[in-house]
Amino acid sequence: MPSPGIRVETVEVVREVQRPCPVTPPVRPAPLERPLPADAAALAALLGARLAEWAGPGGYGDRAAAALAICTKVSE
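Quick note: to get our numbering, add 137 to the position in the sequence shown (first position is 1).
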(Lines of atoms letter the chains of each structure in order from A; the text may use other names.)
(Lines give C-alpha, C1' and ligand atoms only; values in the text may rest on other atoms or scores of the structure.)
Protein backbone atom coordinates (compact mmCIF):
# COMPACT_ATOMS: atom_id res chain seq x y z
CA MET A 138 0.00 0.00 0.00
CA PRO A 139 1.44 3.39 -0.98
CA SER A 140 2.18 6.08 1.59
CA PRO A 141 -0.36 8.86 2.03
CA GLY A 142 0.07 11.59 -0.59
CA ILE A 143 1.44 9.19 -3.25
CA ARG A 144 -0.85 8.36 -6.14
CA VAL A 145 -0.27 5.23 -8.25
CA GLU A 146 -1.70 5.18 -11.79
CA THR A 147 -1.67 2.40 -14.34
CA VAL A 148 -1.38 3.71 -17.89
CA GLU A 149 -1.81 1.48 -20.92
CA VAL A 150 0.25 2.54 -23.95
CA VAL A 151 -0.24 0.90 -27.34
CA ARG A 152 2.95 0.60 -29.39
CA GLU A 153 3.64 -0.90 -32.79
CA VAL A 154 6.43 -3.45 -32.79
CA GLN A 155 8.03 -5.41 -35.58
CA ARG A 156 6.55 -8.86 -35.85
CA PRO A 157 8.78 -11.87 -36.43
CA CYS A 158 8.88 -13.07 -40.01
CA PRO A 159 7.83 -16.71 -40.46
CA VAL A 160 9.93 -17.12 -43.63
CA THR A 161 13.52 -18.29 -43.86
CA PRO A 162 15.55 -16.58 -46.56
CA PRO A 163 16.10 -18.61 -49.73
CA VAL A 164 19.51 -20.14 -50.32
CA ARG A 165 21.61 -17.98 -52.63
CA PRO A 166 23.12 -19.65 -55.67
CA ALA A 167 26.78 -20.57 -55.23
CA PRO A 168 29.44 -18.23 -56.64
CA LEU A 169 30.93 -18.98 -60.04
CA GLU A 170 33.84 -21.38 -59.93
CA ARG A 171 37.19 -19.97 -60.98
CA PRO A 172 38.83 -19.87 -63.43
CA LEU A 173 36.06 -18.92 -65.81
CA PRO A 174 36.00 -20.62 -69.22
CA ALA A 175 38.31 -18.96 -71.75
CA ASP A 176 36.00 -19.90 -74.65
CA ALA A 177 33.48 -17.11 -75.26
CA ALA A 178 30.64 -19.52 -76.14
CA ALA A 179 31.21 -21.60 -73.00
CA LEU A 180 31.40 -18.45 -70.87
CA ALA A 181 28.18 -17.09 -72.40
CA ALA A 182 26.41 -20.41 -71.76
CA LEU A 183 27.63 -20.45 -68.14
CA LEU A 184 26.57 -16.85 -67.51
CA GLY A 185 23.19 -17.43 -69.15
CA ALA A 186 22.56 -20.44 -66.95
CA ARG A 187 23.57 -18.52 -63.83
CA LEU A 188 21.36 -15.59 -64.81
CA ALA A 189 18.43 -18.00 -65.16
CA GLU A 190 19.15 -19.27 -61.61
CA TRP A 191 18.72 -15.73 -60.33
CA ALA A 192 16.13 -14.17 -62.60
CA GLY A 193 14.34 -17.12 -64.21
CA PRO A 194 10.86 -18.26 -63.16
CA GLY A 195 11.07 -19.72 -59.66
CA GLY A 196 14.68 -18.56 -59.36
CA TYR A 197 16.37 -16.88 -56.44
CA GLY A 198 14.86 -13.49 -57.30
CA ASP A 199 11.31 -14.86 -57.26
CA ARG A 200 11.86 -16.73 -54.00
CA ALA A 201 13.45 -13.69 -52.33
CA ALA A 202 10.62 -11.42 -53.52
CA ALA A 203 8.02 -13.88 -52.20
CA ALA A 204 9.75 -14.00 -48.81
CA LEU A 205 9.85 -10.20 -48.63
CA ALA A 206 6.19 -9.97 -49.63
CA ILE A 207 5.21 -12.31 -46.78
CA CYS A 208 7.39 -10.52 -44.24
CA THR A 209 6.28 -7.01 -45.18
CA LYS A 210 2.57 -7.76 -45.65
CA VAL A 211 0.41 -5.48 -43.55
CA SER A 212 -1.83 -7.55 -41.32
CA GLU A 213 -5.39 -6.33 -40.99
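Just so you know, even glycine gets a beta-carbon here, dropped at the ideal spot from N, CA and C.
None of these values were measured; they are calculated from a predicted model.
Ala202 and Pro163 closer than 7 angstroms at C-beta: As a first step, residue 202 is located in the sequence shown; it is residue number 65 there, counting from the start. As a first step, residue 163 is located in the sequence shown; it is residue number 26 there, counting from the start. No; because the gap between Cβ atoms is not below 7 angstroms, this pair is not in contact.
Limits of the alpha helix (DSSP H) - the one that Cys158 falls within: In the sequence shown, counting from the first residue as 1, residue 158 sits at position 21. Run containing Cys158: none; DSSP gives neither H nor E here.
Identify whether Asp176 lies in helix, strand or coil by the three-state DSSP scheme. Walking along the sequence shown from the start, residue 176 turns up at place 39. The answer is coil: DSSP assigns Asp176 none of H, G, I, E or B.
Cβ contact (3+ pairs, closer than 8 angstroms) linking the stretch 181-193 and the stretch 153-170: yes
How many whole angstroms separate the CB atoms of Leu183 and Pro172, which I take to be in contact at a CB cut-off of 8 angstroms? Mapped onto the sequence shown, residue 183 falls at position 46. Mapped onto the sequence shown, residue 172 falls at position 35. The C-beta distance from Leu183 to Pro172 rounds to 12 angstroms, too long to meet the 8 angstroms contact threshold.
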